[in-house]
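Start counting the sequence shown at 17; every next residue gets the next number (this note's numbering). Yeah, the Cβ is synthetic: ideal placement off N, Cα and C, and Gly gets one too. This structure is a prediction, so every number in the text was calculated from the model and none was measured.
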Amino acid sequence: MKDCLLIIEDEKLLGLELKRFFTKQGWEIEWVETLEDARQVLLQQKIDPLVVLSDMNLPDGNGLDFLEAMRDKNIEGIEWLFLTGYGNIADSVRALRLGAFDFIEKPCELNRLSLQIEGATRSAKAQRRLLLETQSSHRKYSTDALLGNSINSKRLREMLKRISQVPFSSLVIHGETGTGKGLLAKVLHYSGRRAKQPLVEINCAALPHELLESELFGFEAGAFTNARKRHRGLFEQAHQGTLFLDEIGEMELGLQSKLLKAVEELKIRRLGSETEIDVDVQIIAATNKDLSKQVAAGKFREDLYHRLSVLAVHIEPLRQRLEDLDDLVPAFIGEFNAKSGKKVSSELCDETWRQLKDYHWPGNTRELRNVIERCVLLAEDDKFPLQWLQLSGKVEVENPATPDSAKHLQIPLDGSLSLQDMEKYILQRVLELTDYNVTAAARMLGSTRETLRYRVQKYQLKYP
Ligand SMILES: Nc1ncnc2c1ncn2[C@@H]1O[C@H](COP(=O)(O)OP(=O)(O)OP(=O)(O)O)[C@@H](O)[C@H]1O
Ligand SMILES: [Mg+2]
């Protein structure tokens with residue numbers, strides 16, 4: 017299919033010349049002589065041009081007014097180029113402000129014009145790709161993308177529906193690892209008012225803080241040793257959209273104060289620059305830490321905490337909304353069936369359900385998804401394979417009568433230990449019992465050495 021170019025030009029000779037020239041270059045040309053005709057072909061969608069090449073002064077009006085009117089009609093994915101006999105600065109400024117691709121003075125050499133049209137075509141195609149992506153994300157990340165029929169999940173969906181209707185400047189999502197914070201941020205963005213604008217994500221734990229700072233705020237050439245070119249930071253890239261700051265609890269205090277300033281004043285300054293730039297961004301921050309505790313420990317700025325948590329959303333751990341498994345498990349089986357071409361049934365036997373519901377899911381929905389993926393991939397027939405569930409690390413508290421035995425631990429169930437503390441306690445005891453032999457400890461816990469090492473680090477367990 018040929019790309020379509022709409023020419024709006026009332027000078028017959030020029031119109032004809034343009035039509036001939038661009039037809040030869042392989043374009044499908046629609047040439048109209050008035051704005052009314054242009055309006056007809058655009059609104060009735062008789063044609064779908066990538067580029068509009070328009071004269072400024074037409075018998076029935078001004079090209080820029082026309083562009084402005086078409087913008088309101090949601091005509092998207094088209095680049096506009098203006099040709100004018102008597103260019104003035106005010107017009108060219110207005111053209112650019114309205115988002116026109118360029119503003120060219122007549123007479124204009126055809127080969128040069130052709131280059132400009134090529135540039136405009138590339139840009140229109142890129143815009144259309146982005147529009148398509150946004151539309152598909154829009155469908156993919158509606159509030160219904162959050163599965164689960166527990167009371168908690170229903171409430172969460174209701175709350176999201178309400179929040180996404182209102183303009184908010186910042187919001188914090190709190191939840192253990194794997195509970196769906198990242199998914200929720202996408203849902204908030206794509207079902208909200210900024211859905212057509214960018215969603216820019218950064219994980220604050222993934223970069224050393226100097227780098228995080230230059231990523232967020234950008235820099236001018238020469239701001240530091242390796243800054244060869246100017247770099248627009250994520251705040252600027254997220255302009256009019258959403259900036260998602262994942263693991264905000266890991267951000268260093270100095271940077272927190274710069275972030276606070278940016279969030280409050282909606283102005284940023286690139287590193288090495290004197291000029292402030294206005295940015296219009298909505299901030300979504302996520303954390304698996306209890307920020308109020310971080311504040312109490314002096315690790316998180318109180319003012320930033322209050323600023324961000326004007327709206328706060330908490331996602332309960334999966335073990336506290338096990339009813340969600342009824343929706344999540346079949347959905348994940350379906351997803352991995354589709355990916356692997358298998359037909360594993362989502363009718364599970366009672367024992368499988370029992371094991372799924374008895375497990376305490378420290379890795380939450382992500383862990384569940386991974387477990388289901390493994391089961392679907394390893395299934396030999398259409399039956400869900402119980403043997404691949406392998407839900408290990410369950411807290412054994414069934415036999416407190418034999419506390420002295422080396423194979424048993426006694427754990428108080430009077431609320432004095434949180435699950436995390438229990439896990440920590442178990443790990444510490446098993447390591448002591450095995451004389452800090454990680455392989456033996458892993459075997460005892462039905463886990464792997466890698467997992468164990470990770471947890472030892474995570475809980476900073478004593479290790480001789
Ligand atoms: N309610 C839900 N419905 C469907 N899928 C979900 C739901 N919650 C989480 N998931 C899925 O679980 C996986 C983990 O979610 P996500 O990455 O958003 O968690 P997270 O809280 O950001 O984890 P982390 O703290 O490790 O970054 C993703 O594949 C996500 O799509
Ligand atoms: Mg995440």
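Which whole-angstrom value is the C-beta distance of residue i and residue j, which I expect to be below 8 angstroms?
{"i": "K373", "j": "L425", "result": "Not quite, the Cβ-Cβ distance comes to about 23 angstroms (not below 8 angstroms), so this is no contact."}
{"i": "L364", "j": "R323", "result": "Incorrect: roughly 46 angstroms between the Cβ atoms, too far for contact."}
{"i": "G249", "j": "I284", "result": "7 angstroms"}
{"i": "Q69", "j": "L99", "result": "As written in the sequence, residue 69 is Leu, which differs from the Gln given in the question. Yes, L69 and L99 are in contact; Cβ-Cβ is about 7 angstroms, under 8 angstroms."}
{"i": "I23", "j": "K40", "result": "Going by Cβ atoms, the distance from I23 to K40 rounds to 14 angstroms, so no, they are not a contact pair."}
{"i": "F119", "j": "S130", "result": "That pair is no contact at about 17 angstroms."}
{"i": "W404", "j": "R390", "result": "6 angstroms"}
{"i": "V57", "j": "V48", "result": "7 angstroms"}
Answer with buried or exposed for residue i, where buried requires no fewer than 16 other C-beta atoms within 10 angstroms of its C-beta.
{"i": "L394", "result": "exposed"}
{"i": "T481", "result": "No statement about residue 481 is possible, as the shown extent of the chain runs from 17 to 480 and does not include it."}
{"i": "E33", "result": "exposed"}
{"i": "D76", "result": "exposed"}
{"i": "N415", "result": "Reliability of the predicted coordinates at N415 is poor, the pLDDT of 42 falling under 50, and the value obtained from them is presented with this limitation in mind. Exposed, by the Cβ-count rule."}
{"i": "W369", "result": "exposed"}
{"i": "S105", "result": "What sits at residue 105 in the sequence shown is Ile, not Ser. Looking at its Cβ environment, which holds fewer than 16 other Cβ atoms inside 10 Å, I105 is exposed."}
{"i": "L435", "result": "exposed"}
{"i": "M17", "result": "exposed"}
{"i": "G115", "result": "exposed"}
{"i": "V112", "result": "According to the sequence as given, residue 112 is Leu; it is not Val. Per the 10 Å Cβ criterion, exposed."}
{"i": "L187", "result": "buried"}
{"i": "A417", "result": "Confidence in A417 is poor, its pLDDT being 42 and thus under 50, which makes the residue's placement too unreliable to answer from."}
{"i": "Q406", "result": "exposed"}
{"i": "L429", "result": "exposed"}
{"i": "D306", "result": "exposed"}
{"i": "S207", "result": "buried"}
{"i": "D71", "result": "buried"}
{"i": "D319", "result": "exposed"}
{"i": "I340", "result": "Sequence inspection shows Asp at residue 340; the Ile mentioned does not correspond to that position. Looking at its Cβ environment, which holds 16 or more other Cβ atoms inside 10 Å, D340 is buried."}
{"i": "Y321", "result": "buried"}
For residue i, I'd like the list of residues in its chain whose CB is within less than 7 angstroms of its CB, leaving aside the five on either flank, ordered along the chain.
{"i": "V481", "result": "Because the chain in this structure spans residues 17 to 480, residue 481 falls outside the shown range and cannot be described."}
{"i": "D64", "result": "C20"}
{"i": "H330", "result": "H190 and G191"}
{"i": "S139", "result": "E95 and F117"}
{"i": "I213", "result": "Rather than Ile, the amino acid found at residue 213 in this sequence is Gln. These residues qualify, in order along the chain: Q256 and G257."}
Going by beta carbon distance, what residues of the same chain come within less than 8 angstroms of residue i, once the five residues before and after it are set aside?
{"i": "Q336", "result": "N168"}
{"i": "L162", "result": "S169, L172, R173, L176, G196, L199, L200 and V203"}
{"i": "L287", "result": "E229, S230, F233, G234, F235, E236, A239, F240 and A243"}
{"i": "V295", "result": "F251, E252, A254, H255, A278, L282, K283 and I284"}
{"i": "P183", "result": "R209 and Q298"}
{"i": "Q132", "result": "L97, F117, D118 and I120"}
Leaving out the 5 sequence neighbours to the left and right, which residues in its chain are closer than 6 angstroms to residue i when beta-carbon positions are compared?
{"i": "G379", "result": "G194"}
{"i": "E266", "result": "C220 and A221"}
{"i": "N246", "result": "According to the sequence provided, residue 246 is Arg. The question's Asn does not apply to it. Closer than 6 angstroms at Cβ, skipping near neighbours: E236 and A237."}
{"i": "A328", "result": "V188"}
{"i": "P419", "result": "In this predicted model, P419 has a pLDDT of only 42, less than 50, meaning its place in the structure is not dependable enough to derive any value."}
{"i": "A302", "result": "I189, K197 and D262"}
{"i": "L51", "result": "L74, D76, G77 and F82"}
{"i": "S362", "result": "P346 and I349"}
{"i": "D157", "result": "In the sequence as presented, Asp is not what sits at residue 157; that position holds Tyr. The residues are K202, V203 and Y206."}
{"i": "A211", "result": "H154"}
{"i": "F316", "result": "L307 and Q310"}
{"i": "S289", "result": "E236"}
{"i": "T450", "result": "A456 and A457"}
Need the endpoints of the beta strand (DSSP E) that residue i sits in, please.
{"i": "R385", "result": "Segment N380 to L394 is the alpha helix (DSSP H) holding R385; no beta strand (DSSP E) there."}
{"i": "W47", "result": "E44 to V48"}
{"i": "F233", "result": "Careful: F233 lies outside any beta strand (DSSP E), inside the alpha helix (DSSP H) at H225 to F233."}
{"i": "L259", "result": "T258 to D262"}
{"i": "C2", "result": "Residue 2 lies beyond the stretch modelled for the chain, which goes from 17 to 480, so this question has no answer here."}
{"i": "G121", "result": "Here residue 121 is Glu; the residue named in the question, Gly, does not match the sequence. Looking at the DSSP string, the run of the beta strand (DSSP E) that includes E121 is D118 to E121."}
Assuming residue i is part of the alpha helix (DSSP H), what are its boundary residues?
{"i": "D366", "result": "D366 to D374"}
{"i": "L250", "result": "L250 to Q253"}
{"i": "I349", "result": "L341 to S356"}
{"i": "F240", "result": "From DSSP, F240 is part of no alpha helix (DSSP H); its letter is neither H nor E."}
{"i": "V216", "result": "No alpha helix (DSSP H) contains V216, which is instead part of the beta strand (DSSP E) from L215 to N219."}
{"i": "L59", "result": "L51 to L59"}
{"i": "L32", "result": "K28 to K40"}
Segments of 4+ residues assigned as alpha helix (DSSP H) that fall wholly inside the segment 151-205: With a minimum length of 4 residues, the continuous alpha helix (DSSP H) runs that stay inside the segment 151-205 are 167-181.
List, from N- to C-terminal side, the beta strand (DSSP E) runs of 3 residues or more that fit wholly inside the segment 65-106. 67-71 and 95-100, all fully within the segment 65-106.
Only counting runs of 3 or more residues, tell me where the beta strand (DSSP E) segments fall wholly within the segment 296-337, in order along the chain. You should have 298-303 and 328-330.
Suppose only complete runs of 4+ residues qualify. What are the alpha helix (DSSP H) ranges in the segment 436-469, listed by chain order? Listed in chain order, the alpha helix (DSSP H) elements of length 4 or more contained wholly in the segment 436-469 are 454-460.
Which ranges would you report for the beta strand (DSSP E) in the segment 270-299 if only whole runs of at least 3 residues count? The DSSP assignment places complete beta strand (DSSP E) segments of no fewer than 3 residues inside the segment 270-299 at 283-285 and 292-294, in order along the chain.
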